[in-house]
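I have placed the structure first, in the form of structure tokens, so that the comments after it can refer back to it.
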Amino acid sequence: MESLTDDYPKPMLPLDGRPMLAHQIERLESVGIEQICIIVGYKAEMVKEYFAENPPNIATLHYELQETQDGTGSATLLSKTFVDGEVFLMTFGDIMVDASVYTKMFELAEGAEIVLTVKHVDDPYRGAAVYVDGDRVVNVIEKPPKGTSTTNFNNAGIYVFSPAVFEKLARLKPSPRGEYELTDAAYESVTSGELVRWHEIKGFWRDVGRPEDLAPAGEFVSN
Numbered sequence: 002m003e004s005l006t007d008d009y010p011k012p013m014l015p016l017d018g019r020p021m022l023a024h025q026i027e028r029l030e031s032v033g034i035e036q037i038c039i040i041v042g043y044k045a046e047m048v049k050e051y052f053a054e055n056p057p058n059i060a061t062l063h064y065e066l067q068e069t070q071d072g073t074g075s076a077t078l079l080s081k082t083f084v085d086g087e088v089f090l091m092t093f094g095d096i097m098v099d100a101s102v103y104t105k106m107f108e109l110a111e112g113a114e115i116v117l118t119v120k121h122v123d124d125p126y127r128g129a130a131v132y133v134d135g136d137r138v139v140n141v142i143e144k145p146p147k148g149t150s151t152t153n154f155n156n157a158g159i160y161v162f163s164p165a166v167f168e169k170l171a172r173l174k175p176s177p178r179g180e181y182e183l184t185d186a187a188y189e190s191v192t193s194g195e196l197v198r199w200h201e202i203k204g205f206w207r208d209v210g211r212p213e214d215l216a217p218a219g220e221f222v223s224n
């Protein structure tokens, strides 16, 4: 995001006049989610102060601080107490989708250890390549070298987890990038034969990771 995040954590960048995260919370509320845990790190107080002054219409917000930004796996592990043994949805604060995606994922969750989302791309080298067979995920490869994937499915960054994921997260080792990767926990579920389902997002999906992503994401939330 270049200099845009000098003063703001990325999920607080404005879309149509309000923070990206505020729009995301509204979509979660629209499918009946009333308790949300936000993992904060960079400029955490800005997030807390905004929602103290502009609270959600329905949801109660809880916060956990990731003091060292050392990966998505360790960030998710911080929510264990909040989750309290329940099935839960996990998404990143910079991923914008239609709320119907969340509804479909909960429908697929019965009997599954994980439901993950995928998006069709030319080459999933920037994310995680997801290989499927029928309704099951059979392999996940984080940041594959460009041109090596034989799947077009990229991990779209939204999950429904059973609480058993926390055992896997607690065992994670640093990846070659030096981070505790959430996808490594998904990979463990896949390789151990647990049921990992997938849902393809065919409508709007945007990982708002670059300045040029802000305009289409802003147009999406304004409609």
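Note that our numbering has the sequence shown beginning at 2, numbered continuously upward. Backbone N, C-alpha and C fix where the C-beta goes; we use that ideal spot for every residue, glycine too.
Contact holds between the stretch 200 to 207 and the stretch 97 to 108, because three or more Cβ pairs, one in each stretch, are under 8 Å apart. Between ALA186 and GLY74, the C-beta gap is smaller than 9 Å, which places the two residues in contact.
Assignment of TYR103 by DSSP, reduced to helix, strand and coil, places it in the helix class. Restricted to the stretch 55 to 135, the alpha helix (DSSP H) segments that are unbroken, complete and at least 4 residues in length are 73 to 78, 81 to 84 and 101 to 109, listed in chain order. Annotation for PRO146: TYR126 place their beta carbon closer than 8 Å to its own, counting only its chain and skipping 5 residues before and after. Secondary structure at ILE39: strand, using DSSP grouped into helix, strand and coil. With fewer than three CB-CB distances shorter than 8 Å, the stretch 36 to 44 does not count as touching the stretch 140 to 155. The Cβ-Cβ distance between MET91 and VAL48 does not fall below 9 Å. For the pair THR77 and VAL102, the CB atoms are not nearer than the 9 Å cut-off.
In this structure GLU143 is buried. Its beta-carbon is surrounded by 16 or more other beta-carbon atoms within 10 angstroms. Boundaries for TYR9: no beta strand (DSSP E) harbours it, and the DSSP string shows neither H nor E there. The Cβ atoms of ALA165 and ILE96 do not sit closer than 9 Å to each other. Between LEU62 and LEU79, the C-beta gap is not smaller than 9 Å, which leaves the two residues out of contact.
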